[in-house]
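Novice: Just passing along the structure, written as structure tokens.
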Amino acid sequence: MPRQTIFDQKNILVIGGAGFIGSHVCDELIKHNKVICIDNFITSQVSNIEHLLGNPNFIFLKHDVSTPFDLNQFPELEKFQVQFQGVQEVYNLATPTNRHEFEQHVYQTLLANSLAVRNSLEIARVYQAKYLLASSSAVYGDPLPGQDTLVEQYWGYVDPIGPRSCYNEGKRFAESFVMGFGQQFNVNVRIARIFNTYGPRMALNSGRMIPDFVAAAAEGRELIIYGDGTETDTYCYVRDVVDGLLRLMNYSVTGPVNLGSPERYPMMSVAQKIIQFTESKSTIKFDHALPFLMKPGVADIHKAKERLGWFPVVALDDGLRQTVADMLGSRVLTYVSV
Ligand code: NAD
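The sequence shown begins at 2 in the numbering used here and counts up by one.
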């Protein structure tokens, strides 16, 4: 028998909740629920959730979810009466994502995509909670020549032992784990395949293109495009992705669902917009493609539209302005006018 919500608000676990996307998930969920955020800060910082720490409906637990855990081991959860009320939903967003530190985090990434998935699914099983895995477009690998969009039924083309395999193949295993565990132990699971996402609270040192561009523009350095500038990518604003994740948790959908923007933009034009929005005099430089960078794919979002009524609504210019304002305003960045 599923545990019923016997109080007016659900208890919701957000694992990886101090991260870029996870902290926005917490912001949204806390409007109507009690949020238990778990993170070990491997690729994030407390500043992402600092504004929530004083909220009576928010509890933060510092824990590495690759290590088994039992919610009864945390006395602070008595406040949410977890023992009686249980947990109704589990969002698992925990995977190290910092591209600058990719090689240092290979082992932790493998554990996050295996043991951490098992441990978080166990929590969902114990409390008979709904479970959502934040997977990635990385499960598709590099798009094949002529492949226009990536649809959920496509099985992908992924190197299982290459420099990114702990993440790409890891996410594939994580998906397999979630589906198999869900079937065998009757846990209500869903999988979001998230495509390139941007917005406030992206770590400035994450090695992702937009924070790198903003930091470079703010400091008057060259913005480096790894390629010849003709490459395109898609950019989905974090508020849209969070809306998709919450919808996915609330709807019953079989199999993974793509969440991403279907609109391509040349990287060159993103660099130019960031130079404009930061009022910088930086220039753009081209360099060799990095070995761990994937070729961007474009999401086919028909399933999300039909099953969740979801599609991205935030225009790139608006999202980029918000992102730049956040990064320049709240981070330790020195603006050097040149
Ligand atoms: P992020 O690095 O900011 O967030 C991940 C969070 O998980 C971090 O706070 C990190 O400290 C935490 N974490 C990692 N391993 C952990 C562990 N063992 N125990 C506890 N906490 C742990 O990255 P993000 O961009 O917010 O990504 C969130 C999720 O979405 C990830 O699973 C990522 O793979 C997925 N995703 C993100 C994007 C994107 O463009 N941002 C695209 C595709 C998929």
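Think of the CB as a built atom: it goes at the ideal place given N, C-alpha and C, for glycine as much as any other residue. Nothing here was measured: the structure is a model prediction, and the numbers come from that model.
Grab me the residues of ARG194's own chain with a C-beta within less than 6 Å of its C-beta, minus the 5 sequence neighbours each way, in chain order.
Specialist: SER136, SER138, PRO257 and ASN259
Novice: Where do the ends of the beta strand (DSSP E) carrying ALA135 lie?
Specialist: 131-137
Novice: Give me the Cα-Cα distance between ASN189 and VAL179, rounded to the nearest whole angstrom.
Specialist: 10 Å
Novice: Taking ASN99 and SER207 to be in contact with their CB atoms under 8 Å, please state how far apart those CB atoms are, rounded to whole angstroms.
Specialist: 5 Å
Novice: Is ARG265 helix, strand or coil by DSSP?
Specialist: strand
Novice: What runs of the beta strand (DSSP E), each 3 residues or longer, lie entirely inside the region 181-213?
Specialist: 190-195
Novice: Can you list, in chain order, the stretches of the alpha helix (DSSP H) that have 4 or more residues and sit fully within the region 8-79?
Specialist: 21-30
Novice: GLU104: buried (16+ other C-beta within 10 angstroms of its C-beta) or exposed?
Specialist: Within 10 angstroms of the beta-carbon of GLU104 lie fewer than 16 other beta-carbons, which makes it exposed.
Novice: Compare the beta carbon distance of ARG191 and MET250 with 8 Å and say whether it is the shorter of the two.
Specialist: Against a cut-off of 8 Å, the Cβ pair of MET250 and ARG191 comes out as a contact.
Novice: Less than 7 Å between the CB of SER45 and some heavy atom of the ligand NAD, yes or no?
Specialist: Result yes, Cβ under 7 Å from the ligand NAD.
Novice: For GLN84 and GLU77, I'd like the C-alpha separation in whole angstroms.
Specialist: 11 Å
Novice: Mind checking whether ASP301 and THR198 have CB atoms under 8 Å apart?
Specialist: no
Novice: At 3 residues or longer, and completely inside the region 280-322: list those beta strand (DSSP E) runs for me, N to C.
Specialist: 285-288
Novice: According to DSSP, what are the bridge partners of LEU151?
Specialist: ALA300
Novice: Express the C-alpha separation of GLN273 and LYS306 in angstroms, rounding to a whole number.
Specialist: 31 Å
Novice: Between ILE254 and ARG308, is the Cβ-Cβ spacing less than 8 Å?
Specialist: For the sequence presented, residue 254 should be read as Val rather than Ile. Their beta carbons are under 8 Å apart, which means VAL254 touches ARG308 by this criterion.
Novice: Does VAL179 come out as helix, strand or coil in the three-state DSSP assignment?
Specialist: helix
Novice: Work out the CA separation of LEU14 and GLU127 for me, nearest whole Å.
Specialist: Looking at the sequence shown, residue 127 is not Glu but Val. Answer to the nearest angstrom: the Cα atoms are 13 Å apart.
Novice: Ignore the nearest five residues each way along the sequence and tell me which others in LEU30's own chain have a CB closer than 6 Å to its CB.
Specialist: ILE13 and VAL36
Novice: Taking just the CA atoms, how far does LEU224 sit from ASN120?
Specialist: 41 Å
Novice: State the Cα-Cα distance for the pair ASN187 and LYS131, rounded to the nearest angstrom.
Specialist: 10 Å
Novice: Can you say whether ASP319 is buried or exposed, counting buried as having 16 or more other CB atoms within 10 angstroms of its CB?
Specialist: exposed
Novice: What's the gap between the Cα of LYS80 and the Cα of PHE8?
Specialist: 13 Å
Novice: Could you tell me which residues DSSP puts in a beta bridge with ASN120?
Specialist: Answer is none; ASN120 lacks a bridge partner.
Novice: Measuring straight from C-alpha to C-alpha, what distance separates GLN46 and HIS101?
Specialist: 16 Å
Novice: My understanding is that TYR158 touches GLY142, with C-beta atoms under 8 Å, so please give their C-beta distance in whole angstroms.
Specialist: 4 Å
Novice: For ASN1, list the residues DSSP reports as bridge partners.
Specialist: For residue 1 there is no data in the structure shown, the boundaries of the chain being 2 and 339.
Novice: Tell me, please, whether the region 110-117 touches the region 46-57 by the rule of three or more beta-carbon pairs shorter than 8 Å.
Specialist: Contact between the region 110-117 and the region 46-57 is absent, because fewer than three Cβ pairs lie under 8 Å.
Novice: Cβ atoms of SER67 and LEU133: under 8 Å apart, would you say?
Specialist: no
Novice: From the DSSP output, read off the bridge partner residues of GLU90.
Specialist: ILE13 and LYS131
Novice: In three-state DSSP terms, what is ILE226?
Specialist: strand
Novice: As a quick exercise: from GLN74, ILE124, ASN73 and VAL107, pick the residue whose alpha carbon is nearest that of VAL91.
Specialist: Taking only the C-alpha atoms, the option nearest VAL91 is ILE124.
Novice: Can you name the start and end residues of the beta strand (DSSP E) that ASP234 belongs to?
Specialist: 233-235
Novice: Please confirm whether any heavy atom of the ligand NAD lies closer than 7 Å to the CB of THR235.
Specialist: no
Novice: Taking only the alpha-carbon atoms, compute the straight-line gap between ASP327 and LEU145 and give it to the nearest angstrom.
Specialist: When the Cα atoms are used, ASP327 and LEU145 turn out to be separated by approximately 36 Å.
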